[in-house]
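Visitor: Structure provided below as structure tokens; questions to follow.
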Amino acid sequence: MLPSTITWIMTAASVARVMAFNPRQLSPAATTTGGTATPTLQNGSTVSKNFEPLNNDTSSYYLGYREEDFAQPYAKYWNPVVAPLTEELISGLTSSPMAEALAFSAHQASDYLTRPGYLSLENGFTIDKNGTVMIAALSEVPEVTGDAYDWWFGWHSVQTARYKLWNPVAHQYSYRVPVTEDWANATLKERYIGMTSFVDEYVGNDAAQLSVQFLKPESLGFNVTAWPSQGIETIVAGRVKIGGFTTTDFDNVSYLMHQVRRRPDGKRELRSRFWIAKENHGTQQLGHDLAVHCQIEMTRKLPNIDYSY
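Under mature numbering (1 follows the signal peptide of the UniProt record, and there is no 0), the letters of the sequence shown match residues -20 to -1, 1 to 289, in that order.
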């Protein structure tokens, strides 16, 4: 555990960022609805399924959009140009790896990520005594609600062309298990919790197959009923396996979490965390590369996409 005297501080840079942020035309965020809306898919069906069979041939994966991708109705959102990294992330990575004492486990996150203010480590990474890399990235997502993020994690996984919208310079492949899901009466969270996402993507210079199995935040100790008072609109949580597709071969160390939280000005921010065990390819290089990868994609969540797709 971190000493309370250094753990929960709002740095001068964080204060300046919050106070100087240029407000847009957005009213203060209301309490999230918990994603109870259950619109049908664009074809009028409530059944969600993969567009293609599982493809394990990595030589067939590719970056970017091709003719068949541009034929999709949401191809209008394709934009291969990515925004620059924030100064805070660049500074954090320059100082990383940071002190081992700043690390905590995914099983402690329900305490750390629900306290007010900011952690000493919000951008960058550290490596704990067991060799686990803990990665942090803080992104501004002022107009993107928790419900929108929950919708996105249910929607994008069944088709590679959708997944590529998220990180056009890194994402190559996406597939979901189970193959078919009936979303009738399912909340936005229930559309992805319990599923496993098979993806192939570049993290830095190297591409790899990854498996992410999405979990109820409660299974990691979060008290969801307290979120409205804490300004939390959602937390997306999952187990992570690097190298191959699996629905069972996960350790009890490697996880991801993405928290949408309202700031004092009513806008939103995304606090991302990854824990990657040493035995799961956790290295100092991965710490750097995954932090960069995370901020590129998390700031690209499309606030104007048509959620009826």
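Ideal placement from N, C-alpha and C gives every residue a C-beta, glycine not left out.
Tyr57 and Leu145 look like a contact to me (Cβ under 8 Å); what is the Cβ gap, rounded to whole Å?
Guide: That pair is a contact at about 5 Å.
Visitor: Pick from Ser154, Pro208 and Gly174: whose alpha carbon is nearest that of Val216?
Guide: Answer by Cα proximity: Gly174.
Visitor: Grab me the residues of Thr263's own chain with a C-beta within less than 6 Å of its C-beta, minus the 5 sequence neighbours each way, in chain order.
Guide: Closer than 6 Å at Cβ, skipping near neighbours: no residue.
Visitor: Met278 by DSSP, collapsed to three states: which one?
Guide: Residue state, collapsed to three classes: helix.
Visitor: Using CA atoms only, rank isn't needed, just tell me which of Thr38, Glu80, Gly267 and Ser119 is closest to Phe178.
Guide: Ranking Thr38, Glu80, Gly267 and Ser119 by Cα distance to Phe178 puts Thr38 first.
Visitor: Which one of Val192, Glu213, Ser25 and Ser252 has the shortest CA to CA distance from Phe225?
Guide: Per the Cα distances, Val192.
Visitor: Mapping DSSP to helix, strand and coil, what is Gln52?
Guide: Note: Gln52 maps to coil in three-state DSSP.
Visitor: Let's test the definition: count the other Cβ atoms within 10 Å of the Cβ of Glu32 and tell me whether it reaches 16, buried, or not, exposed.
Guide: Answer is exposed; the Cβ neighbour count stays below 16.
Visitor: In this structure, does DSSP put Glu249 in helix, strand or coil?
Guide: Strand at Glu249.
Visitor: What three-state label does DSSP hand Ala187 in the structure shown?
Guide: Of the three classes helix, strand and coil, the one that applies to Ala187 here is strand, per DSSP.
Visitor: Roughly how many whole angstroms lie between the Cα atoms of Pro64 and Val272?
Guide: Their backbone Cα atoms lie some 10 Å apart in a straight line.
Visitor: Check whether the region 70 to 79 and the region 180 to 191 touch, using three or more Cβ-Cβ pairs below 8 Å as the test.
Guide: Taking 8 Å as the limit for Cβ pairs, the verdict is that the region 180 to 191 does not touch the region 70 to 79.
Visitor: Compare the C-alpha of Val183 against each of Glu47, Cys274 and Val27 and name the closest.
Guide: Comparing Cα positions, the closest option is Cys274.
Visitor: Please report the distance separating the alpha-carbon of Glu68 from that of Asn103.
Guide: Approximately 7 Å, taken between the alpha carbons.
Visitor: Please classify Tyr92: does DSSP put it in a helix, a strand, or coil?
Guide: Helix.
Visitor: For the alpha helix (DSSP H) that contains Thr140, what are its first and last residues?
Guide: Residues Thr140 to Trp146.
Visitor: In angstroms with no decimal places, state the Cα-to-Cα distance between Gly267 and Phe105.
Guide: Distance between the alpha carbons of Gly267 and Phe105: 6 Å.
Visitor: Evaluate Lys247 with the Cβ neighbour count: other Cβ atoms within 10 Å of its Cβ, from every protein chain shown; 16 or more gives buried, anything less gives exposed.
Guide: Lys247 comes out buried.
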